[in-house]
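Engineer: In our numbering, the protein residues as written are 288 to 426.
Glycine is no exception: its CB is placed at the ideal position from the N, C-alpha and C atoms.
No experiment lies behind these values; they were computed from the predicted model shown.
Take this structure first; my questions come after.
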């Protein structure tokens, strides 16, 4: 892994300048192997920035896996969603294990938001005089 890091560092300053996203992706995976997750994520950030659109999905997928490894599950799932929106096929077992609840949460959150938007936009007021005695509740 250290050798890969050394090679990719020279690639970034040499003839690979036009494909430097690939060097960043490779160095990120080498750093991940060494459990240098923060440095690896930083490399993937740079790789995604330089990658052509048809190669960004791989970066988002790999960054999502790394974020999950450092217990940043929500951001990892967001990266998986971005990867799939770019046409990249993510590992379904990882998605089911870590992100299925996230989708359900987003759907639930949207339902609540839509419900509240309708209720507040029609100015339905909930009257509560004192707890625990509820006077009138209009829903």
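(1) Nearest-angstrom Cα distance between residue 369 and residue 347?
(2) Just to confirm, are residue 345 and residue 375 a CB contact at a threshold of 8 Å?
(3) Can you look up residue 366 in the DSSP assignment and give me helix, strand or coil?
(4) Return helix, strand or coil for residue 384, following the three-state DSSP convention.
(5) Return the first residue and the last residue of the alpha helix (DSSP H) that residue 328 is part of.
Structural biologist: In terms of the structure at hand:
(1) Their Cα atoms are separated by approximately 7 Å.
(2) Note that the C-beta distance between residue 345 and residue 375 is below 8 Å.
(3) If DSSP states are grouped into helix, strand and coil, residue 366 belongs with the helices.
(4) Residue 384: helix per DSSP, three-state reduction.
(5) If you look at residue 328, you'll find it in the alpha helix (DSSP H) that goes 324 to 337.
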